[in-house]
Amino acid sequence: MIPVLGGSGPVIPSFGSGSSCEQNNGWWCTDWLREHWGDTLQPALVQHIELVAIAIAAGFLIASVLAIAGFRYRLLDVPVGGFADFLYTIPSIALFQLLVPFTGLTVLTVEIALTSYTLFVLYRNMVAGLRGVPEDALEAARGMGLTRVQTFFRVELPLASPAVLAGLRIATVSTVSIATVAAFVVPKGLGEPIFIGLDQNLFKTEILAAGGLAILLALAADVALAWFARAVTPWSRA
Amino acid sequence: MATQAAELVFDEATKQYPDRPEPAVDRLSLTVPAGEICVLVGPSGGGKTTALKLVNRLIPLTSGDIRIDGRSINDQDVTELRRSIGYVIQQVGLFPHMTVEANIGTVPRLYGRSRQWIRERTAELLELVGLDPSYAKRYPAQLSGGQRQRVGLARALAANPPLMLMDEPYSAIDPIVRARLQDEFLRLQRELRKTVLFVTHDIDEAIKVGDRIAILREGGRLAQYDTPENILLKPADEFVAQFVGADRALKALSLRTLGQISLRPGTWLDGLPQIDASTNLRDALGFLLAGGSDRAIVVDDDGNPLGTVTPEDIVR
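If you're matching them up, the sequences are chains A and B in order. Anchor point for the first sequence: position 11 equals 11 in the working numbering, and the numbering is continuous, going up by one each time. Add 1000 to a position in the second sequence, counting from 1, and you land on the number used in the working numbering.
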């Protein structure tokens, strides 16, 4: 069976002794879902959102600092961008395993790995956005007497924001998906009920429900961020 | 709101790039009197745009000086200097993420003007440049090329600068719209009386727009600085004569209108074509030659006949 690294907690038999649907491992046992929404699925969903939100926030912060540096000093762009690319190429399970000896079976391990994956998309999009600011707008800004800082906050940053927000969307959706693997390390997030389901004779209802929630969460985040991007960049639709 | 126009003086202004043998601008000395349009024109490599960008210090001077109303540009804070000069460029450089109003309000906002002030000023300026005030809430992407250039001019005028720098403002615009924008700009200038430094590569535009024309040749040297009439009729040397073209006598015709020459006493003759008194002589000659008629009736704005004109009257 699949090894569950974080399987240190008590394994609750999700099959239960309930309905015939559960006994027969049916595809979609609503009575099981009703019974275990509160103690299994809902907490997993909340944990999943937390895992993703922390990773995205940390990734966004780190990528912002790196992107401003890489944009201002082009020499930095090659090593920084290259390192972000490299992190992104490491298979996620391998990265989790690599980190465990250093940071243990902790949430920190998960967040380090998830954050690393966001850097590639966020950094690349931020730098591309800043570089894509039209030259004529920059010349006009300089000629009109905007200082460097004013030019950055009033012209460069807003004009880079569609690319930045597009990167944020991609990073968020992919992190929602990757975060299910976090259950290898800690029993948290929507990966946990999936692993338990796999472990218990492939209990289909639990695997489908948790997987489905991960998909819905990714879609919801995608739609919400798309809507947010539209709202804050009304000019990009003009 | 009335700011006096400023006198602009180039005093041996020189720009030498270290990696080039020849200076981009070579000891340029000329004075643009307050309220006049000076056009810098010449072949590419003549340093026209470089000379213009020296004024707002987008390019630093190597030696010599430039003074605005007697004050050296190097004695002023660079951002203050730039905010006090209107700047219009060929690609316009409107900020795509800002509405027309926010674009126009850029410099006033830096000066701490209120929203209300900017709103009123925008409406006033849009009207001035020939756009409906309802354009204030639009984004640049929703405007045509000509409309963007009008907004660019309005933005440069927003803080009512005594000096305007215009770097090939109409070069990227189709000829029909360009002619209209030039006409409107000249009408505006009669009202505003700014000092304007205007760069173009088009000698016809220079003749039309300039009170004075400075012709720069390769190596950034001033070949001639004079009125359009003298540039055309008394070119200083072979280079200027060549640059303004073999048809310079014909071009000189565009400096005067039918209303400014003596017409033959006109009787209303049936079948003769009519032409407005405000038409310049060059266009009038073209009109007569194209029409196959040796005579036309000149009419004023209200359509009243003033007299008749023949091709001989024009070229005399």
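Glycine included, each C-beta is placed from N, C-alpha and C at the ideal position.
Taking Cβ-Cβ distances shorter than 9 Å, what residues in chain B pair up with D136(A)?
-> I1089, Q1090, Q1091, V1092, G1093, L1094
Any C-beta of chain B under 8 Å from that of G143(A):
yes
Quick check: what's the CA-CA separation for P234(A) versus G1130(B)? 26 Å
task = For my contact list, Q1260(B) and V1299(B) are in at a C-beta cut-off of 8 Å; report their separation, rounded to the angstrom.
result = Actually they do not touch by this definition, with Cβ atoms about 15 Å apart.
Q) Mind checking whether F184(A) and I49(A) have CB atoms under 8 Å apart? A) no
On a Cα-Cα basis, can you pick out the residue from V1032(B), G1064(B), N1056(B) that is closest to K1015(B)? G1064(B)
- If you pair each beta-carbon of the segment 1206-1219 of chain B with each one of the segment 1029-1049 of chain B, do three or more pairs fall below 8 Å? yes
Quick one: grab the DSSP three-state call for M1(A). Model confidence at M1(A) stands at a pLDDT of 39, short of 50, so the residue's coordinates are unreliable; what they give is reported in the following sentence. M1(A) falls in the coil class under three-state DSSP.
Open item on the list: List, in chain order, every chain A residue whose beta-carbon is nearer than 7 Å to that of T1106(B).
Closed with: M144
**Request:** Could you tell me the boundaries of the alpha helix (DSSP H) in which L108(A) lies?
**Result:** 107-131
| request: Measure the C-alpha to C-alpha separation of S64(A) and A160(A) and round it to an integer number of angstroms. | output: 12 Å
Item checked: Which listed residue (I1068(B), T1279(B), T1122(B), F1095(B)) has its alpha carbon closest to that of I1085(B) -> I1068(B)
Give the straight-line distance between the Cα atoms of P1096(B) and E139(A), rounded to the nearest whole angstrom. 14 Å
Let's test the definition: count the other Cβ atoms within 10 Å of the Cβ of G1271(B) and tell me whether it reaches 16, buried, or not, exposed. Result: exposed.
Using the C-alpha atoms, what's the distance from S1262(B) back to D1313(B)? 8 Å
*What is the DSSP secondary structure of P1021(B), counted as helix, strand or coil?*
Three-state DSSP puts P1021(B) in coil, outside helix and strand.
**Message:** Closer than 8 Å is the cut-off here; do at least three beta carbon pairs connect the segment 80-92 of chain A with the segment 110-130 of chain A?
**Reply:** yes
Exercise for review: Pick out the complete beta strand (DSSP E) segments inside the segment 1238-1276 of chain B, 3 residues or longer, and give them in chain order.
Suggested key: 1274-1276
### Query
Taking the DSSP output, what are the residues bridged to C1038(B)?
C1038(B) is bridged to L1197(B), R1212(B).
task = Measuring alpha carbon to alpha carbon, tell me which of I1207(B), L1163(B), A1158(B) ends up nearest Q1349(B).
result = Residue 1349(B) lies beyond the residue range present for chain B, which begins at 1001 and ends at 1316; the question has no answer from this structure.
Problem set entry | Start-end ranges of the alpha helix (DSSP H) lying completely within the segment 1065-1105 of chain B, minimum 4 residues | For secondary structure counted as the alpha helix (DSSP H) over 4 or more consecutive residues, the segment 1065-1105 of chain B holds these complete runs in sequence order: 1078-1083, 1100-1104.
Would you say A220(A) faces chain B, with C-beta separation under 8 Å as the test?
-> no
query: In its own chain, which residues sit with a C-beta less than 6 Å from the C-beta of T151(A), not counting the 5 before and 5 after it?
result: A141
Determine the chain A residues that contact N1056(B) at a beta-carbon separation under 7 Å, and present them in chain order. G143
Checking contacts by CB at 8 Å: is F155(A) closer than that to chain B?
The question names Phe, but residue 155(A) is Val in the sequence shown. Interface residue, yes.
ask   = Does the separation of the CB atoms of T1195(B) and E1007(B) fall below 8 Å?
value = yes
- prompt: Which partner residues of K241(A) appear in the DSSP bridge assignment?
  reply: Because chain A here runs from 1 to 238, residue 241(A) falls outside it and cannot be looked at.
Query raised in the report: In chain order, what residues of the same chain lie with their CB nearer than 8 Å to the CB of L1232(B), ignoring the 5 residues before and after it?
Result: I1207, V1244, R1248, A1249, K1251, A1252, L1255
_Span of the beta strand (DSSP E) around A1223(B)_ = Counting along the chain, the beta strand (DSSP E) containing A1223(B) begins and ends at 1221-1226.
I'd like to know whether the C-beta of Y1139(B) is nearer than 8 Å to at least one C-beta of chain A. Cβ-Cβ to chain A under 8 Å: yes for Y1139(B).
- Query: Is it true that the CB of A55(A) sits closer than 8 Å to the CB of T175(A)?
  - Reply: It is a contact, given that the beta carbons lie within the stated cut-off.
Should the segment 191-205 of chain A be called in touch with the segment 1031-1039 of chain B, which here means at least 3 C-beta pairs below 8 Å? no
- Task: With distances taken Cα to Cα, identify the nearest neighbour of L95(A) among P158(A), E192(A), A179(A), E135(A).
- Result: A179(A)
8 Å Cβ cut-off: residues of chain B touching L159(A): F1095, P1096, H1097
Indicate whether at least one CB of chain B lies closer than 8 Å to the CB of T147(A). yes
Taking the beta strand (DSSP E) that L1165(B) belongs to, which residues open and close that run? 1163-1167
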